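Beneath this line is the structure, given in structure tokens, with notes to follow.
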Ligand code: GLN
């Protein structure tokens, strides 16, 4: 309906996310969708049965705002098993409606007008709008060009008296870079003796390759004491649509996060919380098999990509493969991704939306390999023709 009301956007730079844009284009073009990151294989049957049972048993009313107590207990045990320290389920764990909600609430709960928040480019597209809605300023520091590692000197130079938070992400979306223990030590050194907070996006924590270990900031007591650490059941149990994640943070930070969470979603989808509780108790080993589950996919995909005119870059964690298409085209990445989707029926995600400022001359797109082998092979067959 027509409206004369003038709306001054609070997020003038934001349009529809590149993930939605490419998924829609993929559907219209009939493309193999290797763009938006979501698995195309089944959720563990135990979980589907458990969520169904939870609904049949009447677990359909509000869950507690902070998450089901039994689920928070199970998360505390899983965290202790994974990272050696057990957060207090009462005061340090909050179940959220997806990891995105945790990130969003964490930022809104502590960032004020004038605060600076440092992000490392390329970075996930949600951070900057959340910082801006909080009234903060997003300060973009680039990762190193070839391996997407952190330039600690440059990061240190970006810290000012107004810096309130640093956002880190390992395993990294979109590049597949993974932190080393030295990176954790560097972050601890950089923040020591300061009031800096850390937001650690660790949603791909259980997907790391070649025998690596995920270097969670929760392994480091000093960092854990100043960090919001965000995890995702969607990534771990192949159910991104269930929108359930959680945040581990010291009580004082958790208190603030919960103030936002309780007026944002209040509580998260109750049947899923019952189901994840059952899953963590009945199959505490599930997540331990994820790296071995994904590594052959990564290897198969990269080996076949290497025989196309696209050049795959190394992937150390997560389920995204970056490819360099400079041998194929000189188009900027957004145009290339459109062309690839429409002309060759493969959807990819261009990298420039992950940057504060598009990288001149960079010819990279992201492909998701959290797919059945047949899906990957169907995509490859098309990519071989370009
Ligand atoms: N995390 C997913 C990705 O990186 C996208 C989620 C979304 O579409 N908002 O592809």
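Numbering (this note's numbering), first residue to last: 4 to 389. Cβ atoms here follow ideal geometry from the backbone N, Cα and C, with glycine treated the same way. All figures in this text were calculated on a predicted structure; none of them were measured in a lab.
What is the DSSP secondary structure of residue i, counted as helix, strand or coil?
| i | result |
| --- | --- |
| residue 124 | strand |
| residue 111 | helix |
| residue 208 | coil |
| residue 58 | helix |
| residue 133 | helix |
| residue 91 | coil |
| residue 36 | strand |
| residue 177 | coil |
| residue 29 | helix |
| residue 242 | coil |
| residue 223 | coil |
| residue 203 | strand |
| residue 168 | strand |
| residue 52 | helix |
| residue 296 | helix |
| residue 119 | strand |
| residue 263 | helix |
| residue 355 | helix |
| residue 2 | Absent from the structure is residue 2, since the part of the chain shown begins at 4 and ends at 389. |
| residue 99 | strand |
| residue 140 | strand |
| residue 8 | coil |
Counting C-beta neighbours from all protein chains within 10 Å, is the total for residue i 16 or more, i.e. buried, or is it exposed?
| i | result |
| --- | --- |
| residue 257 | buried |
| residue 131 | buried |
| residue 270 | buried |
| residue 34 | buried |
| residue 287 | exposed |
| residue 137 | buried |
| residue 57 | buried |
| residue 320 | buried |
| residue 44 | exposed |
| residue 17 | exposed |
| residue 157 | exposed |
| residue 77 | buried |
| residue 210 | buried |
| residue 243 | buried |
| residue 15 | exposed |
Restricting to Cα atoms, I'd like to know which of the options is closest to residue i.
| i | options | result |
| --- | --- | --- |
| residue 37 | 181, 159, 370 and 21 | 370 |
| residue 260 | 268, 113 and 238 | 113 |
| residue 390 | 347, 312, 309 and 285 | Here the chain comprises residues numbered 4 to 389, so residue 390 is not present and cannot be evaluated. |
| residue 88 | 275, 221, 330 and 247 | 221 |
| residue 344 | 13, 324, 360 and 368 | 368 |
| residue 386 | 272, 53 and 350 | 350 |
| residue 22 | 6, 177 and 92 | 177 |
| residue 326 | 53, 150, 216 and 361 | 150 |
| residue 187 | 155, 206 and 268 | 155 |
| residue 60 | 196, 277 and 81 | 277 |
| residue 2 | 28, 228 and 196 | Outside the shown range of the chain (4 to 389) lies residue 2, about which nothing can therefore be said. |
| residue 79 | 68, 91, 71 and 69 | 91 |
| residue 94 | 6, 70, 111 and 117 | 70 |
| residue 152 | 133, 172 and 240 | 172 |
| residue 106 | 247, 296, 181 and 50 | 247 |
| residue 357 | 67, 375, 141 and 374 | 141 |
| residue 2 | 375, 330, 372 and 27 | Here the chain has residues from 4 to 389 only, and residue 2 is not among them. |
| residue 82 | 313, 388 and 290 | 290 |
| residue 181 | 194, 191, 206 and 162 | 206 |
| residue 46 | 13, 384 and 374 | 374 |
| residue 190 | 361, 322, 294 and 227 | 227 |
| residue 175 | 159, 127, 75 and 214 | 127 |
Am I right that residue i and residue j are in contact with their C-beta atoms under 8 Å? What's the rounded C-beta distance?
| i | j | result |
| --- | --- | --- |
| residue 208 | residue 217 | 5 Å |
| residue 336 | residue 316 | With a Cβ gap of about 14 Å, residue 336 and residue 316 do not count as contacting. |
| residue 318 | residue 179 | 4 Å |
| residue 273 | residue 245 | Incorrect: roughly 12 Å between the Cβ atoms, too far for contact. |
| residue 298 | residue 212 | 5 Å |
| residue 241 | residue 42 | 4 Å |
| residue 73 | residue 280 | 5 Å |
Query raised in the report: Counting pairs of Cβ atoms below 8 Å between the region 198-208 and the region 161-181, do you hit three or more?
Result: yes
Query raised in the report: Is the region 227-237 touching the region 248-266, taking contact as three or more C-beta pairs under 8 Å?
Result: yes
Query raised in the report: Is the number of C-beta pairs between the region 292-303 and the region 371-388 that are closer than 8 Å three or more?
Result: yes
Query raised in the report: How do the region 309-325 and the region 90-104 stand: do at least 3 beta-carbon pairs fall below 8 Å, yes or no?
Result: no
Query raised in the report: Given 8 Å as the limit, is there contact between the region 145-160 and the region 113-127, that is, 3 or more CB pairs closer than that?
Result: yes
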